[in-house]
Amino acid sequence: VSLELSGDANDYVGKGLSGGRVVVRQPAGAHRDPLENIIVGNTVLYGAIGGEAYFEGVAGERFAVRNSGAVCVVEGTGDHGCEYMTGGVVVVLGDTGRNFAAGMSGGVAYVYDPRGRFKDLCNPAMVELKTVRGLLSSEPLDDPGRPRQRSVDVEDNGMGDVLRFDAERLRILVERHQLRTGSARARELLEDWDQALPRFVKVMPRDYKRALLQARERATAKAVAAE
36 VSLELSGDAN DYVGKGLSGG RVVVRQPAGA HRDPLENIIV GNTVLYGAIG GEAYFEGVAG
96 ERFAVRNSGA VCVVEGTGDH GCEYMTGGVV VVLGDTGRNF AAGMSGGVAY VYDPRGRFKD
156 LCNPAMVELK TVRGLLSSEP LDDPGRPRQR SVDVEDNGMG DVLRFDAERL RILVERHQLR
216 TGSARARELL EDWDQALPRF VKVMPRDYKR ALLQARERAT AKAVAAE
């Protein structure tokens, strides 16, 4: 199921989203900068558990609050973005408001931060920030954790292992955003991707990362014991 809107949307778009795709793009003929205009209201994707969403413009406050599994791209957010988020992937291609990631205990976010301001807008209590780097050459091409542009798993929308492959995952989502919305910002980033990539910051909860690493270690130990 795919729901597409050309024009503005109000609060609670995608509340409880559990699958499918939501796309909100700028209205045809609109002469305005998406990075400076609200396209969806407050509390968008509240409690979403799956699916995809692409918004060609800025979201209001509390974007993706309590998101538990949706994958989404937006071109800016108001205050309290990704608040209490427990899963999923969020990409922000523009500015955020203050208190980003407050109470965030799962999932990951990527924020485009060319001016280096994001660290002062993010709530550091539960998350760590890391600059996104390119793919390590040691990663095998057939690694099952690698993200995929065409998802083979509805559970993660092709996002793969969130501990690795940040550069690939991010590019896939920016490409999807450009395809679905025609975003000028996405196109601009893709045209100079090598310069854009290190300007993204990855936001990941510390305890979530620790739990994933421990789960990987247990799985590795189990596999070795079975040999």
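The working numbering applies: residue 36 is where the sequence shown begins, and numbers increase by one.
Glycine included, C-beta positions come from ideal geometry on N, C-alpha and C.
- The C-beta separation of G129 from V93 comes to about 7 angstroms, placing the pair in contact by the 8 angstroms criterion.
- A buried status is given to N102, since no fewer than 16 other beta-carbon atoms sit within 10 Å of its beta-carbon.
- For A144, the enclosing beta strand (DSSP E) begins and ends at 141-147.
- Per DSSP, reduced to three states, the secondary structure at A44 is coil, with no helix or strand assignment.
- Here A254 carries a helix assignment [DSSP, helix/strand/coil].
- Distance from the CA of N158 to the CA of A261, rounded to the nearest whole angstrom, comes to 43 angstroms.
- The region 108-118 makes contact with the region 63-81, as at least three CB pairs between them are under 8 angstroms.
- Taking C-beta separations shorter than 6 angstroms and ignoring five residues to either side along the sequence, the partners of V126 in its chain run V108, Y145, L208, following chain order.
- Listed in chain order, the alpha helix (DSSP H) runs fully inside the region 176-235 are 201-216, 219-226, 228-231, counting runs of at least 4 residues.
- Secondary structure of P69 (DSSP, three-state): helix.
- When C-alpha distances from D196 are compared across G180, R204, D242, the shortest belongs to G180.
- In the displayed model, A261 falls within a helix according to three-state DSSP.
- Rounded to whole angstroms, the separation of the alpha carbons of D114 and A160 is 16 angstroms.
- Taking a contact as a CB-CB distance under 8 angstroms, the pair A88 and M120 does not count as one, their CB atoms being some 14 angstroms apart.
- Rounded to the nearest whole angstrom, the C-alpha separation of D229 and K257 is 39 angstroms.
- The beta strand (DSSP E) runs of length 3 or more contained entirely in the region 68-100 are, from start to end of the chain, 73-75, 85-90.
- Per DSSP, the unbroken beta strand (DSSP E) holding T166 starts and ends at 162-166.
- The beta-carbon separation of R206 and P69, rounded to 20 angstroms, does not stay under the 8 angstroms limit for a contact.
- Here the C-alpha atom of D242 lies approximately 25 angstroms from the C-alpha atom of S53.
- Selection K50, G142, A63 evaluated against D43 yields A63 as nearest (Cα-Cα).
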